[in-house]
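J.: Counted the way mature numbering (1 follows the signal peptide of the UniProt record, and there is no 0) counts, the sequence shown spans residues -19 to -1, 1 to 102.
Let me give you the structure first, and then I'll get to my questions.
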Amino acid sequence: MRLLLFVSVFILAASGTSGSKLVKLHGCYLRRGSGANLKFSVSSSEPMTIESCQKDCSRYTFRYFGVADGTYCFCGNTKPYPKVPLFRCDQKCPGNYYQICGGSNSMVVYEQPATLATASA
């Protein structure tokens, strides 16, 4: 399962889509209610991928984005809690089966590249 998450991050970093050059995987988190601390929910007409969620959340300049239950995208500026083992995030993304899009009541969480650059400057 960790290999799949690594592949997901590698593919995202190498995909060349707008704004997806470097994201930081924070791990798998329990999803409570409407996304725990990632409270802003966005919907997309495209099948869910990590890139589509990142793109949707970057429009609103949120620091973190996460995908849950294979189809839901959440955004926020506070990292969610609590963290759970990676095997809880085991659902493949409908739009890219090489990526993991959370799990049942869990979400895989990433940090936007713009905030990584700001944090390291």
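Yeah, the Cβ is synthetic: ideal placement off N, Cα and C, and Gly gets one too.
Bear in mind the structure is a predicted one, so any value in this text is a computation, not a measurement.
1) Would you report the Cα separation of Cys56 and Gln80, rounded to the nearest angstrom?
2) Okay, do the stretch 82 to 96 and the stretch 37 to 53 touch, 3+ Cβ pairs below 8 Å being the bar?
3) Would Ser39 count as contacting chain B if we go by Cβ distances under 8 Å?
4) I need the straight-line Cα distance from Ser85 to Leu67, nearest angstrom please.
5) Roughly how many angstroms separate the alpha carbons of Pro28 and Cys38, rounded to a whole number?
6) Along the chain, where does the beta strand (DSSP E) containing residue 106 start, and where does it finish?
7) Return the first residue and the last residue of the beta strand (DSSP E) that Cys56 is part of.
T.: In short, the structure shows the following:
1) Cα-Cα distance, rounded: 18 Å.
2) Touching, per the Cβ criterion.
3) The question asks about chain B, but that chain is absent: this structure has only one protein chain.
4) In this model, Ser85 and Leu67 are separated by some 12 Å (Cα to Cα).
5) Pro28 and Cys38 have their alpha carbons spaced roughly 16 Å apart.
6) The first residue shown for the chain is -19 and the last is 102, placing residue 106 beyond what the model contains.
7) In the DSSP assignment, Cys56 falls within the unbroken beta strand (DSSP E) covering Tyr53 to Gly57.
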